[in-house]
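Visitor: The numbering used here applies: residue 33 is where the sequence shown begins, and numbers increase by one.
Glycine included, every Cβ here is placed at the ideal spot set by N, Cα and C.
Just so we're clear, the structure is a prediction, and the values are computed from it rather than from any experiment.
Provided herewith is a single structure, encoded as structure tokens, for subsequent inquiry.
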Amino acid sequence: MEVRRFFMRRLGSGTTFRRVARALHMPTMCVSVRPLSCFPSGTPDQTVAKKQQHAPCLMANLTCKKNFWQGRANMCTASHTTLDPSEMKKFQSLANRWWNEQGEFAALHSMNDLRVPFIRDNLLNRNGRRKPGSPLSGYKILDVGCGGGLLSEPLGRLGGLVTGIDPLEDSIRTAELHKSFDPVLNNQIHYRSCLLEDITEEAAETFDAVVASEVVEHVNDLETFISSCYEVLKPGASLFITTINKTNLSFSLAIVVAESFLKIVPSGTHDWDKFVSPVDLERILESNGFYVESINGMCYNPLSGSWSWIESTAVNYAVHAVKQKAQPEFTETTAEEHQDQTRTSTGTSV
Numbered sequence: 033m034e035v036r037r038f039f040m041r042r043l044g045s046g047t048t049f050r051r052v053a054r055a056l057h058m059p060t061m062c063v064s065v066r067p068l069s070c071f072p073s074g075t076p077d078q079t080v081a082k083k084q085q086h087a088p089c090l091m092a093n094l095t096c097k098k099n100f101w102q103g104r105a106n107m108c109t110a111s112h113t114t115l116d117p118s119e120m121k122k123f124q125s126l127a128n129r130w131w132n133e134q135g136e137f138a139a140l141h142s143m144n145d146l147r148v149p150f151i152r153d154n155l156l157n158r159n160g161r162r163k164p165g166s167p168l169s170g171y172k173i174l175d176v177g178c179g180g181g182l183l184s185e186p187l188g189r190l191g192g193l194v195t196g197i198d199p200l201e202d203s204i205r206t207a208e209l210h211k212s213f214d215p216v217l218n219n220q221i222h223y224r225s226c227l228l229e230d231i232t233e234e235a236a237e238t239f240d241a242v243v244a245s246e247v248v249e250h251v252n253d254l255e256t257f258i259s260s261c262y263e264v265l266k267p268g269a270s271l272f273i274t275t276i277n278k279t280n281l282s283f284s285l286a287i288v289v290a291e292s293f294l295k296i297v298p299s300g301t302h303d304w305d306k307f308v309s310p311v312d313l314e315r316i317l318e319s320n321g322f323y324v325e326s327i328n329g330m331c332y333n334p335l336s337g338s339w340s341w342i343e344s345t346a347v348n349y350a351v352h353a354v355k356q357k358a359q360p361e362f363t364e365t366t367a368e369e370h371q372d373q374t375r376t377s378t379g380t381s382v
């Protein structure tokens with residue numbers, strides 16, 4: 033009896049909970065229990081039956097409440113993660129094919145002819161540090177959604193200290209295996225299976241550049257993704273993005289032609305609803321503390337298997353954005369201080 037009172041105080045009355053369950057459309061538990069009248073009064077069987085009569089109610093309350101709060105917890109965290117489980121399934125079966133230059137990722141291999149110089153030249157032009165043979169020496173670069181390391185390796189060979197992250201452990205294993213064939217890369221590249229938001233606290237203001245190539249069209253929450261990029265970048269550091277515009281032409285070429293007709297990429301790789309236009313991407317970047325330095329159109333020729341820069345951003349495009357440095361705090365200047373500063377700068381005296 034004391035145990036029953038304890039649980040009833042914790043769980044609330046059964047009537048109240050049933051009303052809450054109905055309001056929330058939660059399922060109730062129905063358990064068949066033999067009535068007490070089936071057992072002779074005062075017998076051990078009747079005592080057991082009494083206990084059985086109360087047990088299902090307590091377990092139903094406990095199970096429903098647990099499921100309810102677990103569901104609330106999932107709802108709270110779902111909007112703050114960049115991971116889309118459906119995207120994980122798409123790439124799981126391709127995790128061991130990253131380095132087949134004639135396979136499903138052939139277009140990404142050839143894209144390196146554009147994106148590697150794009151990253152290198154913009155970093156060097158902003159910072160002016162050049163070292164022959166290793167132009168990116170000393171630059172800490174985060175390659176988000178690195179897959180099998182297709183972009184991490186050439187950046188590492190240019191001297192960059194690259195951290196490649198990807199939520200798929202199989203892709204990271206592929207990247208680690210391929211890196212092991214080149215001893216030079218062992219000290220240049222570090223791979224890790226995780227989400228970007230998992231490392232924002234430990235890697236705050238750590239990187240000179242973040243690269244997200246062909247990634248933003250696969251994330252679950254773009255705002256959270258861009259905000260996380262901001263957190264891990266040093267002030268004045270660069271963010272590089274390549275992605276697909278959200279236009280009728282991009283749907284025709286990137287999905288219908290590339291996936292269904294030419295089969296350049298596996299069917300179902302892209303979701304047009306997740307494509308983002310340069311205007312929308314620029315707005316999200318600026319609202320999260322970036323300013324956009326350049327947006328360049330890209331074009332893929334399936335016949336030659338090569339990429340080129342074009343003026344139009346109707347299908348593919350590349351963005352270079354920079355994390356704005358903190359604005360200096362406003363300090364009030366008095367009239368006397370202003371006069372003193374003016375005399376000093378002009379060399380006059382009263």
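Taking buried to mean at least 16 other C-beta atoms within 10 Å of its own C-beta, is K357 buried or exposed?
Guide: By one-based count along the sequence shown, residue 357 stands at place 325. Counting other Cβ atoms within 10 Å of its Cβ, K357 stays below 16 and is therefore classed as exposed.
Visitor: Taking 8 Å as the threshold (C-beta atoms), are W339 and D145 in contact?
Guide: Here residue 145 refers to the residue found at position 113 when the sequence shown is read from its first residue. Here residue 339 refers to the residue found at position 307 when the sequence shown is read from its first residue. Closer than 8 Å, so yes.
Visitor: Ignoring anything shorter than 3 residues, give me the beta strand (DSSP E) runs that lie fully in the region 183-270, in order along the chain.
Guide: Segments of the beta strand (DSSP E) lying fully in the region 183-270: 193-197, 221-224, 239-245.
Visitor: State the DSSP-derived secondary structure class of L285, mapped to helix, strand or coil.
Guide: By 1-based counting over the sequence shown, the position of residue 285 is 253. For L285, the secondary structure class from DSSP, reduced to helix, strand or coil, is helix.
Visitor: In three-state terms, what does DSSP make of S326?
Guide: Translated into positions along the sequence shown, residue 326 becomes position 294. S326: strand per DSSP, three-state reduction.
Visitor: Counting along the chain, where does the beta strand (DSSP E) carrying V351 start and finish?
Guide: Position 319 of the sequence shown holds residue 351. Where V351 is concerned, the enclosing beta strand (DSSP E) stretches over 348-355.
Visitor: If you draw a straight line from the C-alpha of G218 to the C-alpha of G170, how long is it?
Guide: One-based indexing of the sequence shown puts residue 218 at position 186. One-based indexing of the sequence shown puts residue 170 at position 138. According to the sequence provided, residue 218 is Asn. The question's Gly does not apply to it. Computed Cα separation, rounded: 15 Å.
Visitor: Hey, would you say Y262 sits closer than 8 Å to P310, going by beta carbons?
Guide: Residue numbering aside, residue 262 sits at position 230 when the sequence shown is read from its first letter. Residue numbering aside, residue 310 sits at position 278 when the sequence shown is read from its first letter. Going by C-beta atoms, Y262 is not nearer than 8 Å to P310.
Visitor: From C331 to E318, what distance separates their C-alpha atoms?
Guide: Position 299 of the sequence shown holds residue 331. Position 286 of the sequence shown holds residue 318. Between C331 and E318, the C-alpha separation is close to 26 Å.
Visitor: To the nearest angstrom, how far is the alpha carbon of D202 from that of N252?
Guide: For the purposes of this step, residue 202 is taken as residue 170 along the sequence shown, with counting starting at 1. For the purposes of this step, residue 252 is taken as residue 220 along the sequence shown, with counting starting at 1. Answer to the nearest angstrom: the Cα atoms are 20 Å apart.
Visitor: For A269, which residues from the same chain have a beta carbon less than 8 Å from its beta carbon, with the 5 sequence-adjacent residues on both sides left out?
Guide: In the sequence shown, residue 269 corresponds to position 237, counting from 1. Counting only Cβ-Cβ distances below 8 Å, and skipping sequence neighbours, we find F239, D240, A241, V242, V354, K355.
Visitor: Are the region 207-214 and the region 176-188 touching by the rule of at least three beta carbon pairs closer than 8 Å?
Guide: yes
Visitor: If you run the structure through DSSP and keep just helix, strand and coil, what is V148?
Guide: In the sequence shown, the residue the question calls residue 148 occupies position 116. DSSP places V148 within a helical segment (H, G or I) once states are collapsed to three.
Visitor: With L317 as the anchor, note down where its beta strand (DSSP E) starts and where it stops.
Guide: Walking along the sequence shown from the start, residue 317 turns up at place 285. Unbroken run through L317 is the alpha helix (DSSP H), 310-319; no beta strand (DSSP E).
Visitor: In this structure, does DSSP put S340 in helix, strand or coil?
Guide: Taking the sequence shown and counting its residues from 1, the one referred to as residue 340 is at position 308. Assigned with DSSP and collapsed to three states, S340 falls in strand.
Visitor: Given that a residue counts as buried once 16 or more other Cβ atoms are within 10 Å of its Cβ, and exposed if not, what is R315?
Guide: Position 283 of the sequence shown, counted from the start, is the residue given in the question as residue 315. That one is exposed.
Visitor: Answer yes or no: do G196 and I221 have a C-beta to C-beta separation smaller than 8 Å?
Guide: As a first step, residue 196 must be located in the sequence shown, where it is residue number 164. As a first step, residue 221 must be located in the sequence shown, where it is residue number 189. Against a cut-off of 8 Å, the Cβ pair of I221 and G196 comes out as a contact.
Visitor: When you compare the CB positions of C226 and P199, do they come within less than 8 Å of one another, or not?
Guide: Counting from 1 along the sequence shown, the entry for residue 226 is found at position 194. Counting from 1 along the sequence shown, the entry for residue 199 is found at position 167. Contact: yes.
Visitor: Is N333 helix, strand or coil by DSSP?
Guide: By 1-based counting over the sequence shown, the position of residue 333 is 301. N333 falls in the strand class under three-state DSSP.
Visitor: Only counting the same chain, and skipping five residues up and downstream in sequence, which positions put a Cβ closer than 8 Å to that of K83?
Guide: As a position in the sequence shown, residue 83 is number 51, starting the count at 1. Because K83 sits at a pLDDT of 45, beneath the cut-off of 50, its placement in the model cannot be relied upon, and the following sentence gives the value as read from the coordinates. The beta carbon of K83 lies closer than 8 Å to none in the same chain, with the five residues before and after it left out.
Visitor: Is F307 buried or exposed, if buried means 16 or more other CB atoms sit within 10 Å of its CB?
Guide: Here residue 307 refers to the residue found at position 275 when the sequence shown is read from its first residue. Buried: at least 16 other Cβ atoms inside 10 Å.
Visitor: Need the endpoints of the beta strand (DSSP E) that K172 sits in, please.
Guide: As a position in the sequence shown, residue 172 is number 140, starting the count at 1. Per DSSP, K172 belongs to the beta strand (DSSP E) from 172-176.
Visitor: Whose C-alpha, out of S166, S142, E343, is nearest the C-alpha of D153?
Guide: On the sequence shown, position 121 is the one that residue 153 refers to. Cα-wise, what sits closest to D153 is S166.
Visitor: Which value, in whole angstroms, describes the spacing of the CA atoms of L335 and E249?
Guide: On the sequence shown, position 303 is the one that residue 335 refers to. On the sequence shown, position 217 is the one that residue 249 refers to. Taking the straight line from one Cα to the other gives about 25 Å.
Visitor: Using the rule of at least 16 other Cβ atoms within 10 Å of the residue's Cβ for burial, across every protein chain shown, is R147 buried or exposed?
Guide: As a position in the sequence shown, residue 147 is number 115, starting the count at 1. Burial call: buried.
Visitor: Quick check: the Cα distance between I327 and S344, rounded to an integer number of angstroms?
Guide: Sequence index remark: in the sequence shown, residue 327 carries index 295 (1-based). Sequence index remark: in the sequence shown, residue 344 carries index 312 (1-based). Distance between the alpha carbons of I327 and S344: 10 Å.
Visitor: If V247 sits next to L174, beta carbons under 8 Å apart, how far is it from one beta carbon to the other, in whole angstroms?
Guide: Here residue 247 refers to the residue found at position 215 of the sequence shown. Here residue 174 refers to the residue found at position 142 of the sequence shown. Their Cβ separation, rounded to whole angstroms, is 12 Å, which puts V247 and L174 out of contact at 8 Å.
Visitor: Buried or exposed for Y223, please, with buried defined as at least 16 other CB atoms from any protein chain shown within 10 angstroms of its CB.
Guide: As a first step, residue 223 must be located in the sequence shown, where it is residue number 191. Buried: at least 16 other Cβ atoms inside 10 Å.
Visitor: Exposed or buried, which one is S284 when buried takes at least 16 other CB atoms within 10 Å?
Guide: Counting from one through the sequence shown, the residue named residue 284 turns up at place 252. Label assigned to S284: exposed.
Visitor: Applying the 10 Å Cβ sphere with the 16-neighbour rule, what's the burial state of A286?
Guide: As a working note, residue 286 is residue 254 in the sequence shown. With 16 or more Cβ atoms within 10 Å of its Cβ, A286 is classed as buried.
Visitor: Output the distance between the C-alpha atoms of M143 and L193, rounded to the nearest integer angstrom.
Guide: One-based indexing of the sequence shown puts residue 143 at position 111. One-based indexing of the sequence shown puts residue 193 at position 161. Straight-line Cα distance between these residues: approximately 21 Å.
Visitor: Exposed or buried, what is V216 when buried is set at 16 or more other beta-carbons lying within 10 Å of its beta-carbon?
Guide: Sequence index remark: in the sequence shown, residue 216 carries index 184 (1-based). With fewer than 16 Cβ atoms within 10 Å of its Cβ, V216 is classed as exposed.
Visitor: Pull up the DSSP beta-bridge partners for T274, would you.
Guide: Position 242 of the sequence shown, counting from 1, holds the residue named residue 274. Answer is S245, A350, bridged to T274.
Visitor: Using only CA atoms, which one of R162, T279, A127, L155 lies nearest to D303?
Guide: As a first step, residue 303 must be located in the sequence shown, where it is residue number 271. Nearest of R162, T279, A127, L155 to D303, Cα basis: T279.
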